[in-house]
Structures are given as C-alpha cells and as structure tokens.
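J.:
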Amino acid sequence: MATSVLTTPSRRVRLAPVGAAAPGPAAGAMRKHERVTATVTCRVAPRLLRIDGTMNLSLYNTMDGAKQPFVPIDPAAVRMYVCGPTVYDYAHVGNARPAVVFDVLFRLLRRIYGEDHVKYVRNITDVDDKIIAAHRASGEPIEAITARTADAYNRDMAALGCLAPSVEPRATHHIGDMAAMIAALVERGHAYAADGHVLFDVSSMPAYGRLSRRDVEEMIAGARVEVAPYKRGPRDFVLWKPSVDDEPGWDSPWGRGRPGWHIECSAMSARYLGETFDIHGGGQDLIFPHHENELAQSTCAHDGRPFVRVWLHNGYLMSEGEKMAKSLGNFYTVHDLLAEAPGEAIRFLLLQTHYRQPLDFTKAALARAKRALDRFYTALAAAGTYDLEAEPDGAVQAGLEDDLNTPQALAALHELLNALNKAADVNKPALGARLCASARLLGLLSADPATWLHGAADSADGEGPEAGWIEARIEARAAARKARDFAAADRIRSELDGHGVVLEDRPDGTRWRRA
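Shown next as structure tokens:
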C-alpha cells in the first residue's frame, strides 16, 4: 500500500508505514515486518550569500589549468551552458556522464544562489551529418528521427535524476541567429566565403589554441578535416556549408546550406545567456576542436569581448576496461541499462568517480551501486518522520563546493548513514531528514523507500510476486521459527530468494526488499 505526504503548518510530516491500517483502534496491530517504509520529500532551501556575493565554491578552470574560487558575473543571474546531444540514436552511458555531472553543479548553484537566480542552457543538435546518415540508412524522415531521439534522451536523463535545464534550444530553431553571427564574422574580417562555404580564418585570431594548449601541427592533426582547395589555411573550419537537394538546407547570403557544428553553440549561448557568461561545460573530448572553435568565433564576433569565465570538462568514460564499441559488446545505452537497473543506481555509479577523472563503467560496479542504495533506502524507511525543509549536512556541501568532489560528498553521506543506523529511534527522524536533504544535492534518494525496496512486481518481466504474497510467506516463516521448525523456515527463505526477495532479520522484525 502506497503512502502519501501530508504537509502541516509546522512543515513536518508523519507517514503511515506500508501495510498500515487506517487510523483508528486497529492501527496499532500492524505486523513488525511492515514497519519499514516511509515517503519523504526534502526541499533544500537556498544558502544565504555573503555580502560580496561570493561563496566557498571553487572550480577547475580548463582555460587556466587550475582550481579557482568561483565568482559569478552577477550573483543574481548565474549562467551556465552545456553542450547537449546530437539526436540520431539512443544516448550511451558516456553521453550520460556530463548530463549527470552538470546536473549536480546546477543543483549546487541553485542551493547557493537560489533557484530563481541560476539559468542552465543545454542545447539539442538536430541538424548534423550523423542525422542525415541515419535518415539515409533507415528511410525515416529526419524530423521523426530527431523528435523521437530527443524525447528518448530527455526521458533517459530524467530517469537518471537530471533536472530539466532552464532552456533547451534546438539548432534548427536558431538558424537565423547562426547566419547573423557568420555575417558579423565575415564583416569583421574573421571569416570568408569560398565555393559555397563560409570558413573561419584561424590566422585572424592570434590566441587560437589557448584553451586546448595545442601547437599548430597538433591542431591540424586533431581537427581531422579535409584540406580542401577552397580553404586559405589548413586550420580554418566551416561555419556554413552547402546542402544538396536531399539534405536539410536554408537560404542564406552564401546559398542554400546548413550551419557547421561549432557555430550552433556560439549562437545559442549568445541568444540565451549573452555575449559573456559564467560557465561552459562539456566532455573532455570537446575541448578541441569544438570548444576551441566556439571560443574563437564568439570572441571575434563580439569585438574581442570575453566569451566564458570558467570552462569545465568531465573526463573520459571507459566500459568494462576498454573503449566502448559495439563490436566488443560493451556499448551500453542508457535506454538498455534502465531495463537492468534503476536510473538512480547508474547515477550513483557515475558520481563515485571525480568528474575530471577517467571512469570505467562496469556491470559489476552497477550492481554494487544498487546494493549501496538499498542500504540507504532501508535506513530511510526506518526513520519515520521528516522535516520537509531540513538543512543538508555541511560536509556533503563542502565536498561539492570543492570542485564537485562527489567521492568526498558520498563519503560524507555514508557517515550520515552510519549515524542513522546507530541512532536511537527518537533521533532517527532528524538524522533521516538530514541524510535526505544532503542526498538531494547529489540528485540521490529521491524515490519513495517503499517503491524502491518493495516495488509492485519484478520490473524486468512483470512476473515477480506481489507484496501481499511475500508478506504472507514472511509470516509463515516467522511462525515456523517460533515453532522451532527451522527446516521449514529455511525452505521459505530459499523460496523467497528464488523470487529475488532478500530478507533481513532484525531485532524489530524481518525486513525485505527486491534484489
């Protein structure tokens, strides 16, 4: 039986355990093993700023290669842009890592500066050569491919606990912005038209390469572009390119065509965040050429004004000890992983490694992450009463304020878990509330403990036993143990184990969860 949250003027809530009777004389007759779950909703109130608008947050700026105190341009309007997906297929777990990392930062910024004072933009690239290739391979219309896969991406990221960004612009809705920026670059002598293309003239920006710290030869090799006869220099990159009849295209001063990849983010970030904003994030693989090119064209289009204050990049992701590849059988899409494990377990695993470090994603580690969350939810289920506006633990927030040190924050969460498990019953509500509020900063422990531990049936095939049957078998086992028929009790335990039901005998009764 599900439970519901009721708020009161005192902003506290007491929750009926799963299986409890309606209020009245019979309510105290609840069986011991039913006293195990509670629903909790924790709101994390914004932290007050110091008078100078700064906090203790420090972030590693890729541009300077150092961890620095974060000082926003305007504490009342903190702005962040993160490169989003190219929507032609399901997102793999490597695509999920930046979504989760920057979701944690989004949550932390909202905690520090207030929800109404942080703007997070994450784009969708819905015009790209990979999309065109998917259309030609399947015959499915491009609009159908991009709509379907964009929806799938957002569902998958929501299943991982990611908040929706403040704005999610699509490239095809901002072709005019891109064309205007390209025209400005041509007018200022930073770009030129040639053979139906418009290219950025890298030689016009002496500081090109500063973000990625590459010399000329490395940049030419890293760009992996054809040295076409219409290019003035081998490092020059495409801002606009012609489209043939069966490709998406828009009319422009340079002929029918479509934008290059790099100009998209420059135009959309300027549209929603202004010419200069606080944070630009993405995967390490985007530093060159994508972010280097964004920096060049944005700076030059805006007469040299700064583009981004802080560049953040998450590390690479491996899978089962190797680079992900379909041929190796270690290419995991989030869509497929969600059929095997809860999204929160995937998120928990991604956060166990510091965002700037390489991460090896394995199925074995995912199973361990699920078991770790089981322990958290079991403890929360026993806590009973929560303050809806509890403050998060200072050690958890301090870990996140130290360049998003999620391993440190998770270690502090485990300390809270240990304290909760050891606490007297009278102290459990306050500790449970603190644990819940702290976990929310990481996007964790957002599920109803009853749903997490008990569910309704096996989520993989829909054929798992119902909770009522499980509880009846637990009652039968308890009766067998009381009668000292331990063989029968063991048979029932084995029967439940065969159905994926894990039992935990405790002084206050037997608790259960689905494996």
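Position 321, counted from 1, in the sequence shown is what my numbering calls 1383; the numbers after and before it change by one each time, with no gaps.
Where is the CB? At the ideal position from N, CA and C, for every residue including glycine.
Since the structure is predicted, the reported quantities are computational estimates derived from the model, not experimental observations.
1. So the candidates are M1219, D1422, N1355 and S1228; which of them puts its Cα closest to the Cα of M1267?
2. By how many angstroms is the C-alpha of Y1270 removed from the C-alpha of T1361?
3. Just tell me which of E1557, Y1439, G1562 and S1556 has its CA closest to the CA of L1506.
4. Classify H1252: buried if its beta carbon has 16 or more other beta carbons within 10 angstroms, exposed otherwise.
5. With a CB to CB cut of under 7 angstroms and the five nearest residues on each side skipped, what residues in its chain are close to L1110?
6. Expressed to the nearest angstrom, what Euclidean distance is found between the alpha-carbon atoms of S1381 and D1398?
7. Measuring alpha carbon to alpha carbon, tell me which residue in V1563, Y1334, W1323 and G1223 is nearest V1163.
8. To which residues of the same chain is R1141 closer than 6 angstroms at the C-beta, ignoring the five residues directly before and after it?
9. Can you find the residues in the same chain that come closer than 7 angstroms, C-beta to C-beta, to W1316, ignoring five residues on each side of it along the sequence?
10. DSSP state of F1262, grouped into three classes?
11. Might you give, ordered along the chain, the residues of its own chain that have their beta carbon closer than 6 angstroms to the beta carbon of A1371, omitting 5 neighbours on each side?
12. My understanding is that S1330 touches D1213, with C-beta atoms under 8 angstroms, so please give their C-beta distance in whole angstroms.
13. Are three or more beta carbon pairs between the region 1415-1425 and the region 1453-1471 nearer than 8 angstroms?
14. Give the range of the alpha helix (DSSP H) segment to which Y1439 is assigned.
15. Just to confirm before moving on: does the CB-CB distance between R1217 and D1188 stay below 7 angstroms?
16. Whose C-beta lies closer than 7 angstroms to the C-beta of V1300 among residues of the same chain, with five residues either side of it excluded?
17. Could you tell me whether the region 1148-1159 touches the region 1392-1406, using the rule of 3 or more Cβ pairs below 8 angstroms?
18. For L1565, which beta-bridge partners are listed by DSSP?
19. Output needed for D1523: all residues of its chain with C-beta closer than 6 angstroms, excluding positions within five of it in sequence on either side, in chain order.
20. Please report the residue range of the beta strand (DSSP E) in which W1316 lies.
21. Just grab the DSSP bridge partners of F1489 for me.
22. Quick check: what's the CA-CA separation for G1560 versus T1513?
23. Which residue or residues does DSSP assign as beta-bridge partners of E1384?
24. Report, in whole angstroms, the separation of the C-beta atoms of I1349 and T1148, which I expect to be a contact under 8 angstroms.
25. Which of the three DSSP states is assigned to D1308 in this structure?
26. Let me know the secondary structure DSSP gives Y1270 once reduced to three states.
27. When DSSP labels each residue in this structure, what does M1142 get in the three-state scheme?
28. Buried or exposed: where does Q1459 fall if 16 or more other Cβ atoms within 10 Å of its Cβ makes it buried?
29. With a threshold of 6 angstroms on Cβ separation, who are the neighbours of P1131 within its own chain once the five nearest residues in sequence on each side are excluded?
30. Under the three-state reduction of DSSP, which class applies to S1120: helix, strand or coil?
31. In the DSSP assignment, what residue or residues form a beta bridge with L1421?
32. Are the C-beta of S1200 and some C-beta of chain C separated by less than 7 angstroms?
T.: Result, derived from the coordinates:
1. Taking the first residue of the sequence shown as 1, we reach residue 1267 at position 205. Measuring C-alpha to C-alpha distances from M1267 to each of M1219, D1422, N1355 and S1228 identifies N1355 as the nearest.
2. Position 299 of the sequence shown holds residue 1361. Position 208 of the sequence shown holds residue 1270. Rounded to the nearest angstrom, the two C-alpha atoms are 10 angstroms apart.
3. Taking the first residue of the sequence shown as 1, we reach residue 1506 at position 444. L1506 has its Cα closest to that of Y1439, out of E1557, Y1439, G1562 and S1556.
4. As a working mapping, residue 1252 is identified with position 190 in the sequence shown. Buried.
5. Numbered from its first residue, the sequence shown carries residue 1110 at position 48. Below a pLDDT of 50, predicted positions are generally treated as unreliable, and L1110, at 45, falls in that range; the measurement from the model is reported next regardless. Hits under 7 angstroms: none found.
6. The residue given as residue 1381 occupies position 319 in the sequence shown. The residue given as residue 1398 occupies position 336 in the sequence shown. The straight-line gap from Cα to Cα measures roughly 14 angstroms.
7. On the sequence shown, position 101 is the one that residue 1163 refers to. When only C-alpha atoms are compared, the closest one is G1223.
8. Reading the sequence shown from its first residue, position 79 is the one you call residue 1141. Correct list, in chain order: K1181, L1335, F1339 and D1340.
9. As a first step, residue 1316 must be located in the sequence shown, where it is residue number 254. Only A1255, G1258, V1260 and W1302 meet the Cβ criterion.
10. Walking along the sequence shown from the start, residue 1262 turns up at place 200. It is a strand residue.
11. Locating residue 1371 in the sequence shown gives position 309, where the first residue counts as 1. Reading off the sequence shown, one finds Arg at residue 1371, where the question assumed Ala. Excluding positions up to five away in sequence, the list reads D1340.
12. Taking the first residue of the sequence shown as 1, we reach residue 1330 at position 268. Taking the first residue of the sequence shown as 1, we reach residue 1213 at position 151. Sequence inspection shows Met at residue 1330; the Ser mentioned does not correspond to that position. The Cβ separation is near 20 angstroms, so there is no contact.
13. yes
14. By one-based count along the sequence shown, residue 1439 stands at place 377. Where Y1439 is concerned, the enclosing alpha helix (DSSP H) stretches over K1425 to A1445.
15. Translated into the one-based positions of the sequence shown, residue 1217 becomes position 155. Translated into the one-based positions of the sequence shown, residue 1188 becomes position 126. No, Cβ-Cβ distance for R1217 and D1188 is not below 7 angstroms.
16. The residue given as residue 1300 occupies position 238 in the sequence shown. The beta carbon of V1300 is closer than 7 angstroms to those of H1259, L1261 and G1322 in its chain, skipping five residues each way along the sequence.
17. yes
18. Within the sequence shown, residue 1565 is the residue found at index 503, counting from 1. Answer is W1574.
19. Stepping through the sequence shown from its first residue, residue 1523 is reached at position 461. For D1523, the predicted model reports a pLDDT of 44, less than 50, meaning its position is unreliable and no value from the coordinates is stated.
20. In the sequence shown, residue 1316 corresponds to position 254, counting from 1. Where W1316 is concerned, there is no enclosing beta strand (DSSP E), given that its DSSP letter is neither H nor E.
21. In the sequence shown, counting from the first residue as 1, residue 1489 sits at position 427. Checking the sequence shown, residue 1489 turns out to be Asn, not Phe. None, per the DSSP bridge assignment.
22. Walking along the sequence shown from the start, residue 1560 turns up at place 498. Walking along the sequence shown from the start, residue 1513 turns up at place 451. Between G1560 and T1513, the C-alpha separation is close to 20 angstroms.
23. Numbered from its first residue, the sequence shown carries residue 1384 at position 322. According to DSSP, which records beta bridges pairwise, E1384 is partnered with S1381.
24. In the sequence shown, residue 1349 corresponds to position 287, counting from 1. In the sequence shown, residue 1148 corresponds to position 86, counting from 1. Between T1148 and I1349 the Cβ distance is about 17 angstroms, and since that is not below 8 angstroms, they are no contact.
25. Within the sequence shown, numbered from 1, the residue matching residue 1308 stands at position 246. Note: D1308 maps to coil in three-state DSSP.
26. Looking up residue 1270 in the sequence shown gives position 208. Note: Y1270 maps to coil in three-state DSSP.
27. Within the sequence shown, the letter at position 80 stands for residue 1142. In this structure, M1142 counts as strand in the three-state DSSP scheme.
28. On the sequence shown, position 397 is the one that residue 1459 refers to. By the 10 Å Cβ count, Q1459 comes out buried.
29. One-based indexing of the sequence shown puts residue 1131 at position 69. Cβ neighbours of P1131 beyond the five flanking positions: S1120.
30. Residue 1120 sits at position 58 when you count from the first residue of the sequence shown. If DSSP states are grouped into helix, strand and coil, S1120 belongs with the strands.
31. To locate residue 1421, count along the sequence shown from 1; it is residue 359. For L1421, which the question treats as bridged, DSSP gives the partners L1379.
32. Although the question refers to chain C, the structure presented lacks it and comprises just one protein chain.
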